[in-house]
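Numbering (this note's numbering), first residue to last: 864 to 1150.
Cβ coordinates follow ideal geometry from the N, Cα and C atoms, glycine included.
Model, not experiment: these values are computed from the prediction.
Here's the structure, in structure tokens; my notes come after.
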Amino acid sequence: MKEKELHNGSVPFLNCRDHLVSGEMYEVMINDKLDMLVTSPIPPSLDEYYDSKEYQSHNKSKNALLDKLYNSVKKRSFKTKTSLFHKENIKLTILDVGAGTGDFLLCCKNLGHETSGTEPMLKARTKAQEKGVILSEDLNSLAGKKFDVITLWHVLEHVPNLYEIIDQLKSLLSENGQLFVAVPNFKSYDATYYKEFWAAYDVPRHLWHFSQKTIQTLFEAVNLKVVKTHPMKYDSFYVSLLSEKNKKGTYNYVKAFFVGLRSNMKALKSKEYSSLIYELKHTKKAF
């Protein structure tokens, strides 16, 4: 597997704890060639590391206020995300990879688009089905199809078969299609501030940790070009809140707000936001 090469060419960067499930320690290694961090070791079975009521993507947490904040931001983010491609009276074919419980696809469906999605976790697929959103387990069942828009909202950092997924995304994207990849950015101020406590390291669920150079390099290898980046400004506040919990054992909303605000203010100049959405398209062939 090419993924092994990422580990072989990497050196220690940070030691991070799994604060969510196991309490285990993992090394976050740096691969200078790709300007990328990798989690080591990768557990042989990752499913058990998602089995937590605190894991927000699929479950409610024990903190009612945190739930309200998360769901409020999620609804706002759907409007921001769909605005990147939605136009009135134009029906698109949309594929959401790692669709979770199907809420984003439901939003796209309500806007009149034709939707498809994948989700490896059975529990999440079942919840999506209850909402009328039918998801496939993986991309293999979609081979040969083409989509106008493909989205991965904080998914690429989770997939063990990184290079295979990138190849599949390229093959599924229509000639003039748009690919949107949202991932955390370890070059952000909040990542630098919280160091090993930064919640977006989220080891071992996050296997890969990307910079802007990483995304450009990985996708240029399959002739997909980053044409624009879009900031996810809410992420700095939410990630800072979780990072405070990792560091101090309690949610410090005031401190997290000011760290998140400072991260966004610094990113106005550096463009290194806590999370970024990368908009990619096929490289135009020269004749």
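| field | Element boundaries [alpha helix (DSSP H), containing N894] | value | Not the alpha helix (DSSP H): N894 falls in the beta strand (DSSP E), residues 888–894.
| query | Any idea if G961 is buried or exposed, counting beta-carbon neighbours within 10 angstroms, 16 or more meaning buried? | reply | Buried is the call here.
| message | In this structure, how does DSSP classify N1048 when only helix, strand and coil are distinguished? | response | DSSP, read as helix, strand or coil, puts N1048 in strand.
| query | Taking the C-alpha atoms as reference points, what is the distance between T902 and V891? | reply | Taking the CA atoms as reference points, T902 sits about 5 Å from V891.
| Mind pulling the alpha helix (DSSP H) runs of 4 or more residues that sit fully within the stretch 1048–1097? | Runs of the alpha helix (DSSP H) inside the stretch 1048–1097: 1052–1057, 1075–1083.
| Are there 16 or more other CB atoms within 10 angstroms of the CB of M984, so buried, or fewer, so exposed? | In summary, M984 is buried, with 16 or more beta-carbon neighbours lying within 10 Å of its beta-carbon over all protein chains present.
| Relative to the alpha-carbon of M1154, which residue among L869, D930, S940 has its alpha-carbon at the smallest distance? | Outside the shown range of the chain (864 to 1150) lies residue 1154, about which nothing can therefore be said.
| Inter-residue spacing [alpha-carbon to alpha-carbon] between F1120 and P1047 | Across the structure, F1120 and P1047 are spaced so that their CA atoms are roughly 18 Å apart.
| query | Can you tell me the Cα-Cα spacing of N1039 and S1138, whole angstroms? | reply | Our two residues, N1039 and S1138, have alpha carbons roughly 25 Å apart in a direct line.
| field | Strand pairing of M899, partner residues [DSSP] | value | M899 is bridged by DSSP to N894.
| DSSP puts R880 in a beta bridge; with which residues? | Beta-bridge pairing links R880 to M888.
| Can the beta-carbon of K1144 be found closer than 8 Å to that of V1085? | No, the Cβ-Cβ distance between K1144 and V1085 is not below 8 Å.
| said: Considering only DSSP beta bridges, list what G980 is partnered with. | reply: Partner(s): D959.
| query | Does the Cβ of G980 have 16 or more other Cβ atoms within 10 Å, making it buried, or fewer, making it exposed? | reply | The residue in question, G980, is buried, as its Cβ has 16 or more Cβ neighbours within 10 Å.
| query | On the three-state DSSP scale, how would you describe G1007? | reply | In the structure shown, G1007 falls within a coil segment according to DSSP collapsed to helix, strand and coil.
| query | Going straight from the alpha carbon of V1066 to that of R880, what length do you get? | reply | Roughly 7 Å between the two C-alpha positions.
| F948: which of K1134, L1087, F1043, N1115 sits nearest, CA to CA? | If we check each option's Cα against that of F948, F1043 comes out closest.
| First and last residue of the uninterrupted alpha helix (DSSP H) at Y1026 | Residues 1025–1035.
| message | For G1166, count the other beta carbons within 10 Å of its own beta carbon; 16 or more makes it buried, fewer makes it exposed. Which is it? | response | Nothing in the structure corresponds to residue 1166, since the chain is present only between 864 and 1150.
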